[in-house]
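Protein chains in written order, with the working numbering: chain A, 36 to 264; chain B, 14 to 329. Accompanying notes for the structure given below.
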């Protein structure tokens, strides 16, 4: 092979490798879920955040994946993301519309409510401090911010009939399937920062240990809460 | 070594008097090594990680001081020889002669083999002793530990790893489980480390404790906290999306404060403890014998997700 051919081959190979790396960074690493900014909607030291759990994600090309949705505070439309922003030193009143079915916790310790105001969550308006997912059909996912000590089991429909007639098209609405409404409040740290949150049920069915797919992809069963002004 | 290297003319070339490079190198190396060893052991040593918060941490810090001190003359020798060669043994312009061959020099070969063998074998003996003497030196010893603290009052703490948090169970206090890790100063602790999903690694950095958390396996590590304070716990085995965020902070408190905290927590978490599986050294969450009627009717037999199959050939 001539020198010119060898140099040309080398250059092409270099461009392909660098181009591939750039493509990977732009396509797969850089994109982050959309952030729903609740900070302009805080009032009187409080802000209301609304989430939803769904048994599938029919708005994406991963319809079999379970997911969270976050409500856009301006339009009140559901957005497929798990990133939201709230102000520091503020009481956050969270409402989670739970549309998924029950699954036993891998560790029942996550059935205890921690880190919320009063140490309770409200399931359809009733205060609850602990759910036992092994003895009953009552937990679908959890909402946990480990760094802040927050853990809230998300109550599920409890009957066999309800669990066999779950909402099948997401985002779900009260008419599309059985729902449990979970509410709780906590206070954000004064210093601000970014806090990851996650579900402690390995709900990535069909993936190794249930921890792949939606459990391993931002925007589905875990996300970030940005605390800032 | 340098003593047998050819002795080129002194820089500046001219007096005709040959410099004894071997002697100069040896003297400079000795002076620098003595000074360096003193600095490393007495000045830098007390600040080396992981500190002295526990007996295993102090033991590891001592090891690091010894290793650093032993390495100092070696590092100084290499750098000194390198610098000396650059300064004095450079080839002069136009000089194309070869250096004197050292192959076949029995004295150099014997010295080299003796010194390096002594260092390596000495450190091997030292390392083995330092692993055994402080009850495993804070490392995970597997399910049947060989080296245990000589004490009848060992506090048992179970460490349970799950993507992506550690929880801690205290079997001597009713088996309560919490995300808080508190330990008493002055009492030996046995960490029973396991996992509910993938392989994690329990690393209590300031305590000098590090043990893999394998599903289906109990990995035991010992330490004795020496004084009160806060320590960092990190997962040190890449375990998935939030591995980097799998950390928390533990506390070493006085024995009285620990007893008060443990008793209070045991009472406070009594209803939660009743919902936990009986204390066991390992857990298989895919098989839940107490599963309720509706989950059973839904065809569920255990917790969501799969489990690292104990029959898997990769099982550690």
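Ideal Cβ positions, reconstructed from N, Cα and C, are used throughout, including at glycine. Note that the structure is predicted; figures quoted are calculated from it, not measured.
Check: Looking at C-alpha atoms only, which residue of A/192, A/154, A/80 and A/175 is the closest neighbour of residue 234 of chain A?
Finding: A/175
Item checked: Buried versus exposed call for residue 209 of chain A [16 or more other C-beta atoms within 10 Å across all chains shown] -> exposed
Notebook entry, point to check: Using a Cβ-Cβ distance under 7 Å, would residue 153 of chain A count as near chain B?
Noted result: no
Next item on the list: List the residues of chain A that residue 308 of chain B touches, going by C-beta distances under 7 Å, in chain order.
Entry: 137, 139 and 172
Notebook entry, point to check: Under the criterion of a Cβ to heavy atom distance below 6 Å, does residue 302 of chain B qualify as lining the ligand ZN?
Noted result: This structure does not include the ligand ZN; it has no bound ligands of any sort.
Next item on the list: Reducing DSSP to helix, strand and coil, say where residue 141 of chain A ends up.
Entry: coil
Next item on the list: With a floor of 4 residues, list each alpha helix (DSSP H) that falls wholly inside the region 110 to 190 of chain B, ordered by position along the chain.
Entry: 119 to 145
Next item on the list: Could you name the residues of chain B that residue 193 of chain A contacts, counting a contact when the two beta carbons are closer than 9 Å?
Entry: 307
Next item on the list: List the DSSP bridge partners of residue 228 of chain B.
Entry: B/208
Checklist line | For residue 46 of chain B, the first and last residue of its enclosing beta strand (DSSP E) | finding: Looking at the DSSP string, residue 46 of chain B is not in any beta strand (DSSP E); the run it does join, the alpha helix (DSSP H), is 34 to 51.
Next item on the list: Would you decide whether residue 116 of chain B is buried or exposed? Buried here means 16 or more other CB atoms lie within 10 Å of its CB.
Entry: exposed
Item checked: Neighbouring residues, chain A, relative to residue 167 of chain B (Cβ below 7 Å) -> Chain A residues near residue 167 of chain B: none, gap ~24 Å exceeds 7 Å.
Next item on the list: Go to residue 94 of chain B, then tell me how far its alpha helix (DSSP H) extends in each direction, as first and last residue.
Entry: 68 to 101
Item checked: Under the three-state DSSP convention, the category residue 162 of chain A falls into -> strand
Check: So, helix, strand or coil for residue 218 of chain B, using DSSP?
Finding: helix
Notebook entry, point to check: Given that a residue counts as buried once 16 or more other Cβ atoms are within 10 Å of its Cβ, and exposed if not, what is residue 251 of chain B?
Noted result: exposed
Checklist line | Extent of the continuous alpha helix (DSSP H) to which residue 51 of chain A belongs | finding: 38 to 59
Item checked: Beta-carbon spacing of residue 115 of chain A, residue 94 of chain A below 7 Å -> yes
Check: Nearest-angstrom Cα distance between residue 63 of chain B and residue 151 of chain A?
Finding: 35 Å
Next item on the list: Determine, using beta-carbon pairs with one atom in the region 126 to 135 of chain B and one in the region 217 to 225 of chain B, whether at least three such pairs fall under 8 Å.
Entry: no
Check: Residues bridged to residue 267 of chain A by DSSP?
Finding: The shown model of chain A, from 36 to 264, leaves out residue 267 of chain A, and the question about it has no answer.
Check: How about residue 298 of chain B and residue 316 of chain B: are their beta carbons less than 7 Å apart?
Finding: yes
Check: In this structure, does DSSP put residue 285 of chain B in helix, strand or coil?
Finding: helix
Notebook entry, point to check: If you pair each beta-carbon of the region 121 to 128 of chain B with each one of the region 69 to 85 of chain B, do three or more pairs fall below 8 Å?
Noted result: no
Margin query: Quick check on DSSP: helix, strand or coil for residue 21 of chain B?
Written below: For residue 21 of chain B, the pLDDT reaches just 47, beneath the cut-off of 50, and the residue's location in the model is therefore unreliable, although a value from the coordinates is still provided. Residue 21 of chain B: coil per DSSP, three-state reduction.
Checklist line | Status (buried if at least 16 other CB within 10 Å, exposed otherwise) for residue 131 of chain A | finding: buried
Next item on the list: Within its chain, find whatever has a CB closer than 7 Å to the CB of residue 275 of chain B; leave out the 5 residues flanking it on each side and keep chain order.
Entry: 183 and 186
Item checked: Among A/220, A/133 and A/214, the one whose alpha carbon lies nearest that of residue 126 of chain A -> A/220
Margin query: Is it buried or exposed, residue 213 of chain B, if we count other Cβ atoms within 10 angstroms and call 16 or more buried?
Written below: buried
Check: By DSSP, does residue 79 of chain A sit in helix, in strand, or in coil?
Finding: coil
Next item on the list: Within its chain, find whatever has a CB closer than 7 Å to the CB of residue 185 of chain A; leave out the 5 residues flanking it on each side and keep chain order.
Entry: 149, 150, 151, 179 and 221
Note to self: Tell me the DSSP secondary structure of residue 215 of chain A in three-state form.
What the structure shows: strand
Next item on the list: Check the Cβ-Cβ distances between residue 169 of chain A and every residue of chain B, and say whether any is below 7 Å.
Entry: yes
Notebook entry, point to check: Nearest to residue 235 of chain B by CA position, among B/201, B/79, B/265 and B/71, is which residue?
Noted result: B/201
Item checked: Test: residue 253 of chain B CB closer than 7 Å to a CB of chain A -> yes
Notebook entry, point to check: Name the chain B residues whose beta carbon is nearer than 9 Å to that of residue 146 of chain A?
Noted result: 285 and 288
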